[in-house]
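Enquirer: Pasting in a structure now, in structure tokens, and then I'll have a few things to ask.
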Amino acid sequence: MKTHLLMVLLTAGILILLPPISRSHCQIPCGIYDDAMRYDMLEEHITTIEKSMNQINELSAASEINYNQLVRWITNKEDHCGKFMDIVWQYFMTQRIKPTAVDAGEEYNGYITQLTTMHEMLVTAMKCKQTTDTANTDRLKELVAKSKQLYFKDHGHEH
Numbered sequence: 001m002k003t004h005l006l007m008v009l010l011t012a013g014i015l016i017l018l019p020p021i022s023r024s025h026c027q028i029p030c031g032i033y034d035d036a037m038r039y040d041m042l043e044e045h046i047t048t049i050e051k052s053m054n055q056i057n058e059l060s061a062a063s064e065i066n067y068n069q070l071v072r073w074i075t076n077k078e079d080h081c082g083k084f085m086d087i088v089w090q091y092f093m094t095q096r097i098k099p100t101a102v103d104a105g106e107e108y109n110g111y112i113t114q115l116t117t118m119h120e121m122l123v124t125a126m127k128c129k130q131t132t133d134t135a136n137t138d139r140l141k142e143l144v145a146k147s148k149q150l151y152f153k154d155h156g157h158e159h
């Protein structure tokens, strides 16, 4: 009984002292943002997704398929699509793009355009997960360029 109680107390103490693990940039107003870097990361993920697609297509067409490598490239594509999507929704849509009042006129229209573009980025990244069609990565590149232009027009490069 004493051993069991000691183990419970020890485990509780360790859990209290361990810092929480976070997957992304903070969601508190720390003021440390690098928006341009996030766009660079999005572009890098697209490049990796596209390379993965090309490798999957090449390995699939081989006369003798190397399933180990094929699975590794599929997993790589899936991971980078997920990371891309996390940046879009977790960083930009949740933390950086601020809601705008409907009666704010042109500012509201810009807000809706940004949200619509980011939503399309998420849907296109999902299509990248589902296929090996590089037309989807081409579209993603276009959308990121559009989003970047819209975002920095509204936010400048001071973040």
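Our numbering numbers the first residue of the sequence shown as 1 and each following residue consecutively. Ideal Cβ placement from N, Cα and C applies to all residues, glycine included. Source: prediction; values computed, not measured.
Specify the secondary structure class of Asn66 as computed by DSSP and reduced to three states.
Expert: What you label residue 66 is simply residue 66 of the sequence shown in a count that begins at 1. The answer is coil: DSSP assigns Asn66 none of H, G, I, E or B.
Enquirer: Roughly how far, in whole angstroms, is the beta-carbon of Asp136 from the beta-carbon of Thr117, given that I think they are within contact range, below 8 angstroms?
Expert: In the sequence shown, residue 136 corresponds to position 136, counting from 1. In the sequence shown, residue 117 corresponds to position 117, counting from 1. Per the sequence shown, residue 136 should be read as Asn rather than Asp. That pair is no contact at about 16 angstroms.
Enquirer: Between which two residues does the alpha helix (DSSP H) holding Ile87 run?
Expert: For the purposes of this step, residue 87 is taken as the residue at position 87 of the sequence shown. No alpha helix (DSSP H) holds Ile87; DSSP gives it neither H nor E.
Enquirer: Looking at Thr94 and Gly110, is the spacing between their C-beta atoms short of 9 angstroms?
Expert: Working through the sequence shown from its first residue, we reach residue 110 at position 110. Working through the sequence shown from its first residue, we reach residue 94 at position 94. No; because the gap between Cβ atoms is not below 9 angstroms, this pair is not in contact.
Enquirer: Kindly say whether Gln149, judged by its beta-carbon, lies nearer than 9 angstroms to any beta-carbon of chain D.
Expert: Here chain D cannot be found, since the structure has a single protein chain.
Enquirer: Secondary structure at Ile97, three-state DSSP: helix, strand or coil?
Expert: Looking up residue 97 in the sequence shown gives position 97. The answer is coil: DSSP assigns Ile97 none of H, G, I, E or B.
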